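Residues in the sequence shown are numbered from 0 upward in steps of one, following numbering that gives the first Met the number 0. Only one structure is covered here, and it is reproduced in the block below.
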Amino acid sequence: MSVFESLLDKIEGLTIIDAHAHLMPEAEYIFMPRDALRVYGQYVRFPMFASGLSSEEWSRLHDPAIPILQRWAILKPYLPLIRHTSFGRAARAVLRHFWDAEELSEDNVVPLSQRIAEETKPGIYQRVLRDHCGIANVFNQDAPGHDGHDHPSDLDVYHGQSILLPVVALIDIVPGSDREVHRLGGAYGFSRLSDYLEWARHRLVAMARAGAIAFKTFALKETEVDAQAAEQEFADLQRRGLPLRLSAASALRTYIQDELLSTVRTLGLPVAVHTGFFDVDAFHPAHLVPLLRRHPEVHFDAFHLGFPFGRDLIGVAATHANLSLNLCWAHSMNAAMTARGLDEAIDILGADKIIGFGSDVRWMVEKVFGHLQIARWNIARVLSARVENGWMDLAEAAELARLWLFGNPSRIYRLPKTLPVRAVAPCERSMAPVGT
């Protein structure tokens, strides 16, 4: 057995934390329409869009009212094009592992869809997440139908289960809007900024008491913290009847966020931060620096390795003790770039600074497995190369993997010492390497 295979075997036996996802409560999920085309849903659309698929075709592809073979005809010409992307490899890993299929085809899309529908029943999260993936907990945010949290009762959907743990927005936005700040405009908005801030602070405290384990924000460009400028911007929006949107530099947004981060500090919870893709310029990792300096007692967890600005984010993390790197989505978005970034991060960051995996999965829970397999393989590839170079031994490499996949997310997000573990041994390896 090679060093890579030995290390991958150890990694596949670890209990895992999925440090970022968007899964809806299972009680609602089991009533969602599910078919084999969902394997190529969600983020696989990006390389398909880049190869010419239109948004209208994408919508038709996942419209259950359209016969499945008609929808299959939309997908078919794009499969060879995106086969070797990281998203495509993750999708094929799911097909292979759960349904023993190498790829979707006209012959198997209907019977596979029937199997998937039959398997969509209570207990699917336990079976997929715990039994097949070995995942103890999922840090979950903005599940479909639950992407607004302005009252602690919004977290009631997390009751009665032990897998999903809620992460809520630092600044609540209107569900389905273009990042429009809730309660800051419109018929139900506050007419005074001070009243909004009082409500927003109380909201954070109430969410923490209701079980939120963290808050989430975006790495938008910061302005100076200026209360007077914020009041002026608020008055201008009120006068014009416009909402505040979390999409660009804003004195009002900076002031609100700064005030709320002071509340987060008293609660002792971490703040997750979206960096990079989709809008790479708007969410550049360098935008984090003012926040890190103004709030040294708040821990920030930067998502997605700042794709495509991984080196920039690593540089910021190397100079700020209150920032960690969360590789959620990064492995399945661009495995090669993430592997290079992880290898470089080892050389400059302490072992405590990296969270190794977050699926970022929304619609099809089995895809968590595919994204996890890409991450496991990536981590094994990076660490086994260092073992072969004599820079660490196998035990040290395995311990780094354990920290990244379980120890660090558990510590940074302050989880209990004892967590549930997988119900069965890891399933047989379905791909090693992933690209085969």
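All C-beta atoms, glycine included, are put in the ideal place defined by N, C-alpha and C. Quantities reported herein were computed from a predicted structural model and do not represent experimental measurements.
For residue i, collect the residues of the same chain with a Cβ closer than 7 Å to its Cβ; drop the 5 residues on either side in sequence, then sort them by chain order.
i, result
"L454", "Since the first and last residues shown for the chain are 0 and 435, residue 454 lies out of range."
"G309", "M336, G340"
"A100", "L94, N107, L111"
"V297", "L260, V263, R264, V270, N321"
"A338", "N377, R380, V381"
"V288", "V315"
"G305", "T274, G275, P284, D311, L312"
"I29", "T119, K120, P121, I123"
"A424", "Unreliable placement is indicated for A424, whose pLDDT of 37 sits below 50; no coordinate value is reported for it."
"D342", "V381"
"G188", "R182"
Can you name, in chain order, every residue of its own chain whose Cβ lies under 6 Å from the Cβ of residue i, other than the five neighbours on each side?
i, result
"T14", "G133, A135, F405, V420"
"A396", "L6, L382, V386"
"L154", "P165, A209, G210"
"A400", "I10, I378"
"K366", "V93, V360"
"L196", "E258"
Please look up how many angstroms separate the CB atoms of residue i and residue j, rounded, as I've assumed it's under 8 Å.
i, j, result
"D149", "D130", "Going by Cβ atoms, the distance from D149 to D130 rounds to 35 Å, so no, they are not a contact pair."
"G175", "P242", "Between P242 and G175 the Cβ distance is about 13 Å, and since that is not below 8 Å, they are no contact."
"M440", "Y77", "In this structure the chain extends from 0 to 435, so residue 440 is not present and cannot be described."
"L36", "L60", "6 Å"
"W390", "G357", "With a Cβ gap of about 27 Å, W390 and G357 do not count as contacting."
"R33", "M363", "7 Å"
"T216", "A248", "Actually they do not touch by this definition, with Cβ atoms about 14 Å apart."
Going along the chain, which residues of its own chain have a beta-carbon closer than 8 Å to the beta-carbon of residue i, five neighbours each way excluded?
i, result
"D392", "V386"
"A229", "L192, A250, L251, T253, Y254, I255"
"D177", "R244, S246"
"S323", "H298, F299, D300, A301, A316, D351, K352, I353, I354, N407, I411"
"P143", "H21, M23, R361, W362"
"H145", "M23, P24, D153, V156"
May I ask which residues mark the beginning and end of the beta strand (DSSP E) holding residue i?
i, result
"R325", "In the sequence under discussion, the amino acid at residue 325 is Asn, which differs from the Arg named in the question. Counting along the chain, the beta strand (DSSP E) containing N325 begins and ends at 322 to 325."
"N139", "134 to 139"
"H19", "15 to 20"
"F299", "299 to 302"
"L6", "Per DSSP, L6 belongs to no beta strand (DSSP E); it is in the alpha helix (DSSP H), 2 to 10."
"P165", "163 to 168"
"A213", "213 to 217"
Rounded to whole angstroms, what's the CA-CA distance from residue i to residue j? Just pull it up for me.
i, j, result
"S455", "W198", "The requested residue 455 does not occur in the structure, where the chain is confined to residues 0 to 435."
"H370", "R264", "32 Å"
"W57", "L103", "17 Å"
"T119", "Q125", "12 Å"
"A207", "V272", "18 Å"
"V173", "G147", "6 Å"
"G240", "A234", "10 Å"
"R361", "I347", "33 Å"
"H294", "I73", "49 Å"
"D280", "Q372", "30 Å"
"P415", "R88", "34 Å"
"H109", "Y42", "Residue identity check: residue 109 is Val in the sequence provided, not His. V109 and Y42: Cα-Cα distance of roughly 22 Å."
"L180", "E398", "Reading off the sequence, residue 180 comes out as Val, not Leu. C-alpha separation (whole angstroms): 42 Å."
"L418", "H330", "Since pLDDT at L418 reaches only 49, below the 50 mark, its modelled position is unreliable, and the value read off the structure follows with that caveat. If I take the Cα positions, the gap works out to 25 Å."
"R182", "Q227", "20 Å"
"V127", "I65", "28 Å"
"A422", "F45", "The pLDDT assigned to A422 is 43, lower than 50, so where the model puts this residue is not dependable, and the model offers no usable value."
"V137", "L163", "5 Å"
"L236", "D278", "24 Å"
"D141", "Q160", "17 Å"
"R200", "G267", "14 Å"
"F282", "Y39", "26 Å"
"W98", "Q113", "11 Å"
"E427", "G12", "Bear in mind that a pLDDT of 41 at E427, under 50, signals an unreliable position, so the number given afterwards is only what the model happens to contain. Taking the straight line joining both Cα atoms gives about 11 Å."
"A344", "S190", "47 Å"
"H286", "R292", "11 Å"
Which first and last residues belong to the alpha helix (DSSP H) in which residue i is found?
i, result
"V367", "366 to 387"
"V263", "250 to 266"
"T437", "Residue 437 lies beyond the residue range present for the chain, which begins at 0 and ends at 435; the question has no answer from this structure."
"T337", "334 to 347"
"R401", "393 to 401"
"L404", "Per DSSP, L404 belongs to no alpha helix (DSSP H) and is neither H nor E."
"P76", "Taken as a continuous stretch (DSSP letters only), P76 belongs to no alpha helix (DSSP H), as it is neither H nor E."
"H181", "Unbroken run through H181: none, as it is neither H nor E."
"D235", "226 to 239"
"M47", "44 to 49"
"G87", "85 to 98"
"S58", "54 to 60"
"L196", "192 to 208"
"P289", "288 to 293"
"G159", "Unbroken run through G159: none, as it is neither H nor E."
For residue i, is the beta carbon positioned less than 7 Å from some heavy atom of the ligand NAD?
i, result
"S152", "The ligand NAD is absent from the structure shown, which contains no ligands of any kind."
Does the stretch 389 to 409 come close enough to the stretch 2 to 22 that 3 or more CB-CB pairs lie under 8 Å? Under the 8 Å Cβ criterion, the stretch 2 to 22 counts as touching the stretch 389 to 409, having at least three qualifying pairs.
Count Cβ pairs between the stretch 303 to 321 and the stretch 369 to 381 that sit closer than 8 Å; are there 3 or more? The stretch 303 to 321 and the stretch 369 to 381 do not touch, with fewer than 3 CB-CB distances between them shorter than 8 Å.
Evaluate contact between the stretch 196 to 214 and the stretch 162 to 169, counting only Cβ atoms and requiring at least three cross-stretch pairs below 8 Å. With the rule of 3 Cβ pairs closer than 8 Å, the stretch 196 to 214 counts as touching the stretch 162 to 169.
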